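A.B. asks: Handing you this structure, nothing more for now.
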Amino acid sequence: MVPAVAKLAQRFARRPEPPVRALGVARVRRALHDAVAVRAHGRTSLSADLSGGMDSTSVCFLAAGKVERLLTVRAESGDPGDEDGQWAGLAAAALPHADLGPCRRWVLCLDAGRSAGR
């Protein structure tokens, strides 16, 4: 490995100290909160991807606290070992006013939402 690359890799391989990590967590949470608040302002409903991962789940929980109704969609995986659908289902069950719409293709999700008056 080139010495400069090795030094850079070593720099980023270390975890930050707990106070620095906590500050980063607080900043990310505030940024997500503010981004969702801007998009929810003046609305009674929102839609969002709920894949079952940490990022989409966090955004959905923040959004659900801002609107009366949250329509969540996710693309169904063809991989039988993919557990994202299970995690998305657990999250949706805990989300107030959320509808979870599993779809195999995004176009079908959007068409289903339109035909249901969503």
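So for the sequence shown, the UniProt record's numbering puts the first residue at 1; every next one is plus one.
Backbone N, C-alpha and C define an ideal beta-carbon position, used for all residues, glycine too.
Computed from a predicted structure; not experimentally measured.
Within its chain, find whatever has a CB closer than 8 Å to the CB of Leu32; leave out the 5 residues flanking it on each side and keep chain order.
C.D. replies: Excluding sequence neighbours, Leu32 sits near Ser58, Val59, Leu62.
A.B. asks: Given a threshold of 16 other Cβ atoms within 10 Å of its Cβ, counted over all protein chains shown, does Gly52 qualify as buried or as exposed?
C.D. replies: With 16 or more other Cβ atoms within 10 Å, it is buried.
A.B. asks: Can you tell me which of the three DSSP states Leu95 falls into?
C.D. replies: If DSSP states are grouped into helix, strand and coil, Leu95 belongs with coil.
A.B. asks: Quick check for students: name the residue ranges of the beta strand (DSSP E) that lie wholly in the segment 4-72, counting only runs of 3 or more.
C.D. replies: Counting only runs of 3 or more, we get 45-49.
A.B. asks: Contact defined as beta carbons within less than 8 Å: I believe Ala93 pairs with Thr72. What is the distance between those atoms, to the nearest angstrom?
C.D. replies: About 11 Å; that fails the 8 Å criterion.
A.B. asks: Quick check: what's the CA-CA separation for Gly89 versus Val67?
C.D. replies: The straight-line gap from Cα to Cα measures roughly 20 Å.
A.B. asks: Which word fits residue 119, buried or exposed, when buried means at least 16 other C-beta atoms lie within 10 angstroms of its C-beta?
C.D. replies: Coverage of the chain is limited to positions 1 through 118, which leaves residue 119 absent and any answer about it impossible.
A.B. asks: When burial is assigned at 16 or more other CB atoms within 10 Å of the CB, is Ala112 buried or exposed?
C.D. replies: The pLDDT assigned to Ala112 is 47, lower than 50, so where the model puts this residue is not dependable; a value taken from the coordinates is nonetheless given after this. It counts as exposed.
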